[in-house]
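Asks: In this note's numbering, the protein residues as written are 164 to 581. A virtual CB, placed ideally from N, CA and C, is assigned to each residue, including glycine.
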């Protein structure tokens, strides 16, 4: 990504600029796949949803910086009007290079590679404040170790074999729907084609457009961060249903207001469109921003997690290609009528979420590993975990693993405060 940013800054012609953008786009998925998996696997179970949600909402930090910088440089008469934003793209990669050496490794990766002592030490340090005798860490370690062992025995890691397995096929189907929804819910319009949308409702001044863009980005950061910090109060399916239903209603209102302005040219309709665009942000962020990578990490068992998120990124780039090349044609030729296609797609999203998305909240990653694989393999998983804990002479009723507590109530690692 640093090479791409340098080439973009030094571009002398269009071809050089395109190559630079290709290098930037090629590098980004590697960072996203690694970071989202790492956050999900390192985070304490009760903090996993918040951490994963904050990962995605941090996009707005870069977006605010970009909007602010371009607001100051768009009127510069020289080439530095675009070279300055280009060279600043180096900064995030420099930060990653400086701080990556301080990151611990994923405990699940260490266990999978035969390094259990290191994995246990990391779990104790980050999940029990360094207490090597923590009962929570013992239970968590046993759950991870035995789940990975069972995954290895039942895993089909080749692409062809993965897609033949009913459980993972269901997961990949949900992954595909989620990916299309994150790209085709109208966010491509507000992110990349806000200018022609504002033109269609009578706002033509470039500075005013940039100010609206900056205000939208700041508002997006505020509501996305707030939702990320509070998202654990809502179950995953509920959040996605609220998201898709709200987007459908908002986009319908947006379309009606745009149609009215096209007919009457009244300022009330223009202001209504802007209001709907601002309402769109929290409606989108409650599901497709706050939960996307949290949900992806929870959907995929360890042995296919990286592949699953990589597929998500690949399809995301393909859907982004559609956004970049089809949306401007639709807006230019059909105007507000083009928005109707999004209203129809959003209705399908509601149905997809209702019938296809599983509930993954309040469960550890190990509990979710065999979510679609049947009761028999889940019982075998639980038996192996209990056997390990019994062998270490630790009363199973006192350990907060998935199962029951001393009073007989269901208990999950995600609820533990230890």
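Apart from the five residues on each side of it in sequence, which residues of its chain come closer than 6 Å, Cβ to Cβ, to residue 361?
Replies: Cβ within range, chain order: 372.
Asks: Looking at the structure shown, is residue 276 part of a helix, part of a strand, or coil, going by DSSP?
Replies: Coil, per DSSP.
Asks: According to DSSP, is residue 176 helix, strand or coil?
Replies: In this structure, residue 176 counts as coil in the three-state DSSP scheme.
Asks: Kindly list the residues whose CB is nearer than 7 Å to the CB of residue 173, restricted to its own chain and excluding five residues on each side of it in sequence; keep chain order.
Replies: Cβ within range, chain order: n/a, list empty.
Asks: Tell me the rounded alpha-carbon separation between residue 558 and residue 302.
Replies: Its pLDDT being 32, under 50, residue 558 is placed unreliably by the model, and the measurement read from it follows with that caveat. Their Cα atoms are separated by approximately 11 Å.
Asks: Select from 168, 356 and 194 the residue whose C-alpha is nearest the C-alpha of residue 456.
Replies: Ranking 168, 356 and 194 by Cα distance to residue 456 puts 194 first.
Asks: Straight-line CA distance for residue 170 to residue 225?
Replies: About 20 Å.
Asks: So, under 8 Å CB-CB, residue 165 and residue 191 are touching, yes? Tell me the CB distance rounded to an integer number of Å.
Replies: That belief does not hold up - the Cβ atoms of residue 165 and residue 191 are roughly 12 Å apart, past 8 Å.
Asks: Give a yes or no on contact between the segment 487–498 and the segment 378–397, applying the rule of three or more CB pairs nearer than 8 Å.
Replies: Segments in contact, no.
Asks: Is residue 464 buried or exposed, if buried means 16 or more other CB atoms sit within 10 Å of its CB?
Replies: So residue 464 counts as buried.
Asks: In the structure shown, what three-state DSSP assignment does residue 651 receive?
Replies: Here the chain covers residues 164 to 581 and nothing more, so residue 651 does not appear.
Asks: According to DSSP, is residue 206 part of a helix, a strand, or is it coil?
Replies: Coil at residue 206, not helix or strand.
Asks: Could you check what DSSP says for residue 252 in three-state terms: helix, strand or coil?
Replies: Of the three classes helix, strand and coil, the one that applies to residue 252 here is coil, per DSSP.
Asks: Buried or exposed for residue 560, going by 16 or more other Cβ atoms inside 10 Å?
Replies: Its pLDDT being 34, under 50, residue 560 is placed unreliably by the model, and the measurement read from it follows with that caveat. Exposed is the call here.
Asks: Which of helix, strand or coil does DSSP assign to residue 292?
Replies: Correct three-state label for residue 292: coil.
Asks: Please classify residue 481 as buried or exposed, where buried requires at least 16 other C-beta atoms within 10 Å of its C-beta.
Replies: Answer is exposed; the Cβ neighbour count stays below 16.
Asks: Find the nearest neighbour of residue 528 within the set 313, 417 and 208, judged by alpha-carbon distance.
Replies: Cα-wise, what sits closest to residue 528 is 208.
Asks: By DSSP, does residue 443 sit in helix, in strand, or in coil?
Replies: Note: residue 443 maps to helix in three-state DSSP.
Asks: For the candidate residues 484, 471 and 223, whose alpha-carbon lies nearest to that of residue 333?
Replies: Among 484, 471 and 223, the Cα nearest to that of residue 333 belongs to 471.
Asks: Is residue 491 helix, strand or coil by DSSP?
Replies: Helix, per DSSP.
Asks: What is the rounded straight-line gap between the Cα of residue 298 and the Cα of residue 520?
Replies: Distance between the alpha carbons of residue 298 and residue 520: 33 Å.
Asks: Under 8 Å, do residue 338 and residue 462 count as touching if we go by C-beta distance?
Replies: Taking 8 Å as the Cβ cut-off, residue 338 and residue 462 qualify as a contacting pair.
Asks: Can you tell me which of the three DSSP states residue 241 falls into?
Replies: Coil at residue 241, not helix or strand.
Asks: Measuring CB to CB, does residue 449 end up less than 8 Å from residue 379?
Replies: Their beta carbons are not under 8 Å apart, which means residue 449 does not touch residue 379 by this criterion.
Asks: So, at 6 Å on beta carbons, what are the nonlocal neighbours of residue 270 in its own chain, with the 5 sequence-adjacent residues on each side left out?
Replies: Same-chain partners within the cutoff: 282, 285 and 286.
Asks: With a CB to CB cut of under 6 Å and the five nearest residues on each side skipped, what residues in its chain are close to residue 556?
Replies: With a pLDDT of 38 at residue 556, under the threshold of 50, the modelled position of this residue cannot be trusted, and the question is left open.
Asks: Using the rule of at least 16 other Cβ atoms within 10 Å of the residue's Cβ for burial, across every protein chain shown, is residue 506 buried or exposed?
Replies: Buried: at least 16 other Cβ atoms inside 10 Å.
Asks: Taking only the alpha-carbon atoms, compute the straight-line gap between residue 417 and residue 436 and give it to the nearest angstrom.
Replies: Each residue's Cα considered, the two are about 5 Å apart.
Asks: If you pair each beta-carbon of the segment 391–401 with each one of the segment 202–219, do three or more pairs fall below 8 Å?
Replies: In short, these stretches touch, since the Cβ pair count reaches three.
Asks: Could you pull the start and end residues of the alpha helix (DSSP H) that residue 416 belongs to?
Replies: Where residue 416 is concerned, the enclosing alpha helix (DSSP H) stretches over 399–427.
Asks: Please work out which residues of its chain come closer than 8 Å, Cβ to Cβ, to residue 294, disregarding the five sequence neighbours upstream and downstream, and give them in chain order.
Replies: These residues qualify, in order along the chain: 287 and 300.
Asks: Taking only the alpha-carbon atoms, compute the straight-line gap between residue 256 and residue 266 and give it to the nearest angstrom.
Replies: Cα-Cα distance, rounded: 15 Å.
Asks: How is residue 436 classed by DSSP in three states: helix, strand or coil?
Replies: Three-state result, residue 436: helix.
Asks: Does DSSP put residue 559 in a helix, a strand or coil?
Replies: Residue placement at residue 559 is flagged as unreliable, the pLDDT there being 34, under the threshold of 50; a coordinate-derived value is accordingly withheld.
Asks: Mapping the DSSP letters down to three states, classify residue 396 as helix, strand or coil.
Replies: Correct three-state label for residue 396: helix.
Asks: Looking at residue 484 and residue 404, is the spacing between their C-beta atoms short of 8 Å?
Replies: No, Cβ-Cβ distance for residue 404 and residue 484 is not below 8 Å.
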